[in-house]
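> There's a structure below that I have some questions on.
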Amino acid sequence: MADEKKITLYGADWCGDCRRSKGYLDAHGVAYTYVDVDVDAAAKAMIETMTGAKSIPVIIFDDGSYLIEPSNEALGAKVGLAKD
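At position 37 of the sequence shown the residue is numbered 37 (our numbering), and the sequence of numbers has no breaks.
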């Protein structure tokens, strides 16, 4: 398993890419916090300001970096997982 890092996934339940990213992290036992931007308007505004985009998911890491709509391969590389 990858080293434990703080990961926050901002998304929405209706979003297919969000469900895919959550499923990927879940399947690999990677801990993360999920924030539903349809419920948390402040979080939605924060990620839009931070990224300059309205796309989700946005996945923010403890080093301050983030991925927008990442592929499973890009997400796996970022969290230190071997390529599937």
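Virtual Cβ for every residue (Gly too), placed ideally from N, Cα, C.
1) Do the region 33-43 and the region 65-82 make contact, defined as three or more Cβ pairs closer than 8 Å?
2) Can you tell me which of the three DSSP states Leu25 falls into?
3) Let me make sure I understand the geometry here. Which of Ser71, Gly64, Asp62, Asp63 has the alpha-carbon closest to that of Ile56?
4) Is it right to say Ser21 is buried, meaning 16 or more other beta carbons lie within 10 angstroms of its own, or is it exposed?
5) Closest to Ala77 by C-alpha separation, out of Val37, Gly11, Leu25, would be which residue?
Once the coordinates are examined:
1) No, they do not touch.
2) DSSP places Leu25 in helix when its eight states are reduced to three.
3) With distances taken between Cα atoms, Ile56 lies closest to Ser71.
4) With 16 or more other Cβ atoms within 10 Å, it is buried.
5) Ala77 has its Cα closest to that of Leu25, out of Val37, Gly11, Leu25.
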